[in-house]
Every structure is written in structure tokens, then in C-alpha cells.
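Worksheet: the structure to be examined is printed underneath.
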Amino acid sequence: MNLRDVPRERGLLAAVRRRGRPTLVLATGPAWPTAVGLRLRQARVGSVLAFLRDGALVVRGLLRKMWRSPTVRRTLWLRRLELAWHASGAATQLADAALAGETTGELATRIARIARELSGAEAAAVFGRGPGGPVLFGQDGGVPAADLAARTLQTSSSERRSEGAGRAVSIPLRMGSATVGALVLRFAPQTPVALKPLEPLLLRAGAVLAAAEREARKDRFLSLAAHELKTPLTSIKGFAYSLSRRIEKGETADPRTVEILERQAERLHGLLEEMLEVSRLEMQRFVLHQEPCELGELVESALRSVRRLGADGDIHVESGGQLPLLADRERIERTIGALALRARSFGTPLTVKLLRDGEHAELRVSWAGARLTTHERAQAFEARWEEAQPGRQGLGMALFIARHAVALHGGELRADPDTLVLRLPLRAQPAPKRGGTVGRVLVVDDDEAIAGMLGEYLAEHGVDADWAGGGRAALEKIRAGPAPDMLVLDLRMPDIDGRELLAQLRRQGFDPRVVLLSADREVAAAARELRADGFVEKPFSPENLLAAVRRCLAARTRDETR
Numbered sequence: 407m408n409l410r411d412v413p414r415e416r417g418l419l420a421a422v423r424r425r426g427r428p429t430l431v432l433a434t435g436p437a438w439p440t441a442v443g444l445r446l447r448q449a450r451v452g453s454v455l456a457f458l459r460d461g462a463l464v465v466r467g468l469l470r471k472m473w474r475s476p477t478v479r480r481t482l483w484l485r486r487l488e489l490a491w492h493a494s495g496a497a498t499q500l501a502d503a504a505l506a507g508e509t510t511g512e513l514a515t516r517i518a519r520i521a522r523e524l525s526g527a528e529a530a531a532v533f534g535r536g537p538g539g540p541v542l543f544g545q546d547g548g549v550p551a552a553d554l555a556a557r558t559l560q561t562s563s564s565e566r567r568s569e570g571a572g573r574a575v576s577i578p579l580r581m582g583s584a585t586v587g588a589l590v591l592r593f594a595p596q597t598p599v600a601l602k603p604l605e606p607l608l609l610r611a612g613a614v615l616a617a618a619e620r621e622a623r624k625d626r627f628l629s630l631a632a633h634e635l636k637t638p639l640t641s642i643k644g645f646a647y648s649l650s651r652r653i654e655k656g657e658t659a660d661p662r663t664v665e666i667l668e669r670q671a672e673r674l675h676g677l678l679e680e681m682l683e684v685s686r687l688e689m690q691r692f693v694l695h696q697e698p699c700e701l702g703e704l705v706e707s708a709l710r711s712v713r714r715l716g717a718d719g720d721i722h723v724e725s726g727g728q729l730p731l732l733a734d735r736e737r738i739e740r741t742i743g744a745l746a747l748r749a750r751s752f753g754t755p756l757t758v759k760l761l762r763d764g765e766h767a768e769l770r771v772s773w774a775g776a777r778l779t780t781h782e783r784a785q786a787f788e789a790r791w792e793e794a795q796p797g798r799q800g801l802g803m804a805l806f807i808a809r810h811a812v813a814l815h816g817g818e819l820r821a822d823p824d825t826l827v828l829r830l831p832l833r834a835q836p837a838p839k840r841g842g843t844v845g846r847v848l849v850v851d852d853d854e855a856i857a858g859m860l861g862e863y864l865a866e867h868g869v870d871a872d873w874a875g876g877g878r879a880a881l882e883k884i885r886a887g888p889a890p891d892m893l894v895l896d897l898r899m900p901d902i903d904g905r906e907l908l909a910q911l912r913r914q915g916f917d918p919r920v921v922l923l924s925a926d927r928e929v930a931a932a933a934r935e936l937r938a939d940g941f942v943e944k945p946f947s948p949e950n951l952l953a954a955v956r957r958c959l960a961a962r963t964r965d966e967t968r
């Protein structure tokens, strides 16, 4: 049998069949290669089988001879070393670019270009995660198969697909165990899919991309925060100017103007708190300042803040009695306010129920409206600042922060189909009932406007209060008498700071009760160190300060009557 007698497309098996006993090959199952080998050895000269047999022997001999050659071996090893050198150099170049401050898009484009050069692909692209699916960060030579990137980001595994005569491959970019992006390559039909040279690049690309995207997210968050801060600031400046002009003309102040100013100040306060809390979480400086309190009081204060924000709609509160807690008062108030605002976005009216469930206090915020899907419930307490939010009241981080705060309290936040639930451990014993609020209070702050305003506010609410504009002025007032029973003290003042003022007074035998004021959340630790009786963080609402002052004066009255 000659080679030209056998059609090319039939191949080796057709040749064996035409030799006369195909059942020997097909029926022997796994042993068929032995049958083929037997036919090859018995093939007569000039036949197709003899041609295949002799050609294979020649090729095998040449390959063995080449492998024994030191020159060939050296060439192969040099090629491997060259690929490794290029890959390692490319990865180092990528790290240097990240240190030089390249943006996420620039780094992603660099990754795509390096990957294309190392693998021989005709196009490469880098995708990252976005709220609505994969986001193109950078590309070189075109944008191949975005849907493959989506599958890789979902499954965290490599994906392959034929595209016409070519092929597309999607590779996950990882940082630790997390998939932070996907590298998608498109290969021409004649180009082999070579991914081995990409390994050094892939080891670094995920970490570099994640770090760059983290910085880019910070920039986007700060940009959003700056934009959101400008809105209440513009409103405050405009209405303050309008109010000032009316007063200059001798006209009466419009109550609606004052209400708007208060609302915008409350909104500004909330935005600043969100920014500060995000910073504390990022820097791992998120600490609690816990004190005895009662859940009903916290709900009342939180809902006042919600109403000041202009949140219209009925809110019904159903209380099941006293629910004593040991909690960070301000953080739990903000958590309750965030739950109410979020529930209000689903529908009104709202029903707030306070229940006792064993050793836990439970707050349930329900709404009349659409029910949450399973996906919405799972995402209820995630960061939402990148999502479009109609009627935005904050940065979209309030419930994300609340989840961390509640977890530190040993509690839980949960989303049911029509209810947001807060659970907190109850305090073992309820706090003793309040005594009277008898006693003199001196407000000490280097900002005289703030000191005067707080002194007047406390006096309007039945507290015998005075104020001093700084540490030296406070010393003079105390020496002139009569001595106050309690200080509301700013910790950081330029002339004599709160620590030094308190130390001087105690050295002189005067040890008043103290409520500290500060813009630094970590001064809660200083409050314990200085044996202060309370702590209020700036910015604060006057109601919170009044509550802290009353608690301290009531505790003083109880101590004196024992």
C-alpha cells in the first residue's frame, strides 16, 4: 500500500482498517496501542504503516541526539532564564510604578501591556470589581471578553473560551485569598496559550492593583464627602446672611429660617461624624466609651435628631419598660438614627418597638411598604457610598459603621423582610434613680462663644451655670468664688489645658466632678485616666451635654445623701 493510496483525512486508524483485520484494534479496548505496534512492526516496505514507523524512529533519534547536545540544552535553559528574567523584571517594574504613585488606570494599563508582551497575546485588559459588575481599569491592544472577567470575579477561578479561531483566557488577580480583579487575554489562532511566564507578574499584580484601588477609593470618598459638606455649608451661610440682614433692618426672625439652620447644622454634624468614624475604622482606632444608660432615652434622643433632619412621616414608639444598657451612648444613638432613616427610605409610617428578649434588649424598626429581598437583606449593612441614593442624608456609611459599633458592644444588627433589628445585651442591674440636679456648674472652653452658649443653654434648663473663656479665666473665677460643684471642661486649650487645670485644682484640695469636652474620640481613655465623670465628644448636641451634666449632678447628690 502506497502513501498516496490513503486519503489524508482518514488517518492512521483508517490505514489499519484497510489492512484487513480492524476488529483486532477496535475490540481489544485499552490494549489497542499494542495491536497498532504489532501492525507497524509487520508492515511491508513501501506501505503507509512502514513510512510512519520509519519516520517516527528517525524523528526520535534526532530528538535524542539533539538533547544530548550541550549547545541545544544551553539554548533551552537560556530561553527559560530569559523568560524568567523578563517576567521578574516586569514585576519589579510594576512595583516601582506603584511606589511612584501611578493611578489605578495607569497601573492596570501597565499590567495589561506587560502581560501581553510576556504571553504573546494580541490583546489584554484588566478588570476590577464595581457595584454593577466588572469595571475596566486598563487595556492594551483592545478589550477582550468582559463577560469572562465577570465569571472570574464571581467564581475566583480561571475561565477559557474560543473566540472564532482564537482563544480568550481570564485569570484571577488575587491579594491573599481575595480576588481583587481579573486579567483577560485574547490569543490569535496561531499563537499558543502560554501562561507560565505570567506567574511572577500575577504574584504582584493583585496586591499592587488592590493597593492602588484602595487609594483611589479613598480619593473618591473624600471627593464625595467634600461635595456633600458643601451643601449644608452653603445653606447655612445663605440663611445666616438672610437672618443677619433681617435683624439689621429691625425685622423679626423667620422661625422657618432658624429651623432650616438647625436642620443643616444637624446634617453637617452627621457628615463630619461619618467621615471621622470611617477614619477611625481605617486606622483601627475605633474604641467605645461605655456608660450606664437606658434604651428608651437613647431612642428619644435619636428620633429628635432624625426629626431635626426634616424626616417627615409618622414614627410610633412602643416601649416595653425600662431596658438598662452599658453602652457608648452617642454611637448607639447614631445607630438608632441610621436605622430609622434607612427604614424610612423603604416606606412610612415607621413603628419602633422596644422589647426585652431574655438577657438582651431588642429594638425593631418596621415600615409599611416594600419588603426586602434576600439580596437586599444580606447587603443591608454594607457600605453604600458608591451607590446612587435619592434624597441622600449622609455618605452611605452610617449602617456600615453601626454594624461595627454594635458588634463591639456584643450585640447584633439584622435585616428582616420588613424590619431592621438591633439587639444589645442588657445591663445586669438598672441604674439607681436620679436625684436632683442641685449644684453649680462652670463651663470652661477657650472658644468664648461656645463657652457662653453652653452656659446660657444649661441655665435656661434649670442648671446654675456660669462660663469661663479658657483655663486662666477659670482659675480666676474659682479663686474669686463661689467654687463650682462641677466643671464642663475642654481638654485642649492653648493657655492652660484641661489636664493642667484639673491637676492644679486637685493639688489645692479642690476636686469637683468633671465632664470633659473634646473633638478627639480617643480622649475617652483620658476621661478614665483623669477620673472624669463623663465625656462628650465635639461636635455634640446641647441635649447630650445637658443629659451628661444632669447625670453627674444626680450622682453627686446621691453620694452626699449616703
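Residue numbers (the numbering used here): 407 to 968. Virtual Cβ for every residue (Gly too), placed ideally from N, Cα, C. Model, not experiment: these values are computed from the prediction.
**Q.** residue 847 - DSSP class collapsed to helix/strand/coil
**A.** strand
**Q.** Unbroken beta strand (DSSP E) run spanning residue 545, endpoints
**A.** 539-546
**Q.** Best match in 540, 532 and 608 for proximity to residue 591 [C-alpha to C-alpha]
**A.** 532
**Q.** N- and C-terminal bounds of the alpha helix (DSSP H) containing residue 661
**A.** 661-688
**Q.** Own chain residues within Cβ distance below 6 angstroms of residue 683, not counting five before or after
**A.** 807
Q | C-beta contact flag for residue 790 and residue 802 at 8 angstroms | A | yes
Q.
Does the segment 618-628 come into contact with the segment 554-573, if we say contact requires no fewer than three beta-carbon pairs (one atom in each stretch) closer than 8 angstroms?
A. no
Q.
Just to confirm before moving on: does the CB-CB distance between residue 515 and residue 553 stay below 8 angstroms?
A. no
Q. Looking at the structure shown, is residue 893 part of a helix, part of a strand, or coil, going by DSSP?
A. strand
Q: Return yes when the Cβ of residue 933 is within less than 8 angstroms of the Cβ of residue 941, no when it is not.
A: yes
Q) Around the Cβ of residue 734, are there at least 16 other Cβ atoms within 10 angstroms (buried) or fewer (exposed)? A) buried
Q | Contacting residues, own chain, Cβ-Cβ under 6 angstroms from residue 846 (five flanking each side not counted) | A | 870, 890 and 891
Q. Name the DSSP beta bridge partners of residue 773, please?
A. 756
Q) Considering only residues of the same chain and omitting the five flanking positions on each side of residue 878, which have a CB-CB separation below 8 angstroms? A) 901 and 902
(Q) Run through the DSSP bridge pairs and tell me what residue 581 is partnered with. (A) 584
Q | Cβ neighbour criterion (16 or more within 10 Å) applied to residue 609 | A | exposed
Q: Tell me whether the beta-carbon of residue 972 lies closer than 8 angstroms to the beta-carbon of residue 761.
A: Residue 972 lies beyond the range of the chain shown here (407 to 968); nothing can be said about it.
Q | Candidates 618, 706, 663 and 604, of which the one nearest residue 953 by Cα | A | 706
(Q) Need the endpoints of the alpha helix (DSSP H) that residue 877 sits in, please. (A) 877-886
Q.
Quick check on DSSP: helix, strand or coil for residue 536?
A. strand
Q) Can you tell me the Cα-Cα spacing of residue 916 and residue 656, whole angstroms? A) 48 angstroms
Q.
Contact between the segment 748-762 and the segment 846-857 is defined here as three or more beta-carbon pairs at a separation below 8 angstroms; is this criterion met?
A. no
Q | Buried versus exposed call for residue 596 [16 or more other C-beta atoms within 10 Å across all chains shown] | A | exposed
Q.
So, does the segment 756-770 touch the segment 855-865, judging by three or more C-beta pairs under 8 angstroms?
A. no
Q: Alpha carbon to alpha carbon, how far is residue 910 from residue 893? Give it in angstroms, no decimals.
A: 14 angstroms
Q: Return the CA-CA distance between residue 736 and residue 520, expressed in angstroms with no decimal places.
A: 51 angstroms
Q. Can you list, in chain order, the residues of its chain whose CB lies under 6 angstroms from that of residue 783, leaving out five sequence neighbours each side?
A. 821
Q) Is the Cβ-Cβ distance between residue 740 and residue 827 less than 8 angstroms? A) no
Q) Where does residue 583 land, buried or exposed, given buried means 16+ other C-beta within 10 angstroms? A) exposed
Q: For residue 884, I'd like the list of residues in its chain whose CB is within less than 8 angstroms of its CB, leaving aside the five on either flank, ordered along the chain.
A: 848, 890, 911 and 916
Q. Taking the C-alpha atoms as reference points, what is the distance between residue 958 and residue 513?
A. 57 angstroms
Q. Excluding sequence positions up to five away, which residues of its chain have a Cβ less than 7 angstroms from the Cβ of residue 571?
A. 595
Q) Three-state secondary structure (DSSP) at residue 437? A) With a pLDDT of 43 at residue 437, under the threshold of 50, the modelled position of that residue is not reliable, and the figure given next carries that caveat. It is helical.
Q: Go ahead and pull the three-state DSSP assignment for residue 831.
A: strand
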